[in-house]
Amino acid sequence: MFFREPVLSVIADGAETSILLATMTMFWIVAFGVPIGIISAIRHGSWVDQATSGGAMLFASVPTFWLGLYLILIFSVGLGWFPSSGFPSLADEGGVSNLRYLVLPSLTLAAPNAALIIRLVRASMLDVSREDHVRTARAKGLHPARVAIKHIFRNALIAVSAAFGFTFAALVSEAVVTETVFSLPGIGRLVVQSILRRDYPVIQGVILIIVVFYMAVNLLVDLAYASLDPRVSLK
Numbered sequence: 115m116f117f118r119e120p121v122l123s124v125i126a127d128g129a130e131t132s133i134l135l136a137t138m139t140m141f142w143i144v145a146f147g148v149p150i151g152i153i154s155a156i157r158h159g160s161w162v163d164q165a166t167s168g169g170a171m172l173f174a175s176v177p178t179f180w181l182g183l184y185l186i187l188i189f190s191v192g193l194g195w196f197p198s199s200g201f202p203s204l205a206d207e208g209g210v211s212n213l214r215y216l217v218l219p220s221l222t223l224a225a226p227n228a229a230l231i232i233r234l235v236r237a238s239m240l241d242v243s244r245e246d247h248v249r250t251a252r253a254k255g256l257h258p259a260r261v262a263i264k265h266i267f268r269n270a271l272i273a274v275s276a277a278f279g280f281t282f283a284a285l286v287s288e289a290v291v292t293e294t295v296f297s298l299p300g301i302g303r304l305v306v307q308s309i310l311r312r313d314y315p316v317i318q319g320v321i322l323i324i325v326v327f328y329m330a331v332n333l334l335v336d337l338a339y340a341s342l343d344p345r346v347s348l349k
């Protein structure tokens, strides 16, 4: 009612920003969260484990709007490395280089989510490390790094992969605060603006799309279990 356009075209305009933002955020989460979680599990009980666990708790507790404002202050206003707001489409002038607009927002979203992944990877690997097949691998004299990656982390991925799926879906639909701080034309900001305008067709359309998206992500995660765990078969 507000845009005077079909609801699907309005959602499509914001979907590009939200999906690219979620994808870049997941890249940071995997790049930082998984290796740090593995190191924390391998060095369980050491000062490294305590430092990473404490840092993870700290970043998980930091409000995203506060972190986003400080990143803008340091890297946009102070150093001038990245833009502070907005996001031109990849189809506009600049092309792929326009992704630099999403670096600071993605880091803002990645900090608390990577912290949760760190703790989940650590806890899952510690649980798997107590199982019989891990003790057998160690008794055979395999290298500790091979035991950690091939025998422990691979089995811990079953629980972690579910978290990745839910995190990605949540990043697409729930990044309202970050999109507002950085003035990004994403789906989350569209929902808030539509609620304030009482544009009910857009609200209903976004909710329907988000529900379908969550169902698709859950299905993909379930299908991924078969490749992660040989005991799981698709029927």
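So the mapping is simple: my numbering equals the position in the sequence shown, first residue as 1, plus 114.
Note that beta-carbon positions come from the ideal geometry of N, C-alpha and C, so glycine has one too.
Just so we're clear, the structure is a prediction, and the values are computed from it rather than from any experiment.
In chain order, what residues of the same chain lie with their CB nearer than 7 Å to the CB of residue i, ignoring the 5 residues before and after it?
i: residue 232; result: 147, 150, 151, 154, 166 and 170
i: residue 238; result: 270, 273 and 274
i: residue 137; result: none
Measuring only the C-alpha atoms, how far is residue i from residue j?
i: residue 193; j: residue 184; result: 12 Å
i: residue 175; j: residue 197; result: 26 Å
i: residue 230; j: residue 244; result: 22 Å
i: residue 305; j: residue 316; result: 8 Å
i: residue 122; j: residue 163; result: 47 Å
i: residue 253; j: residue 334; result: 36 Å
Skipping 5 residues on each side, what residues in its chain have a beta carbon closer than 8 Å to that of residue i?
i: residue 227; result: 139, 143, 147, 281 and 285
i: residue 173; result: 225, 226, 228 and 229
i: residue 157; result: 163
Would you mind reading off the limits of the alpha helix (DSSP H) that contains residue i?
i: residue 227; result: 217 to 242
i: residue 293; result: 290 to 295
i: residue 145; result: Here residue 145 belongs to no alpha helix (DSSP H), and DSSP marks it neither H nor E.
i: residue 262; result: Segment: none, residue 262 is in no alpha helix (DSSP H) and carries neither H nor E.
i: residue 185; result: 178 to 185
Does the Cβ of residue i lie closer than 8 Å to at least one heavy atom of the ligand GDP?
i: residue 324; result: The ligand GDP is absent from the structure shown, which contains no ligands of any kind.
CB-CB under 6 Å to residue i, same chain, minus the five flanking residues each way: which ones, in chain order?
i: residue 201; result: 131, 215 and 298
i: residue 308; result: 316 and 317
Q.
Under 8 Å: do the stretch 126 to 137 and the stretch 326 to 335 share three or more Cβ pairs, one atom per stretch?
A. no
Q | Validate contact between the stretch 208 to 219 and the stretch 258 to 276 using beta carbons, cut 8 Å, 3 pairs | A | no
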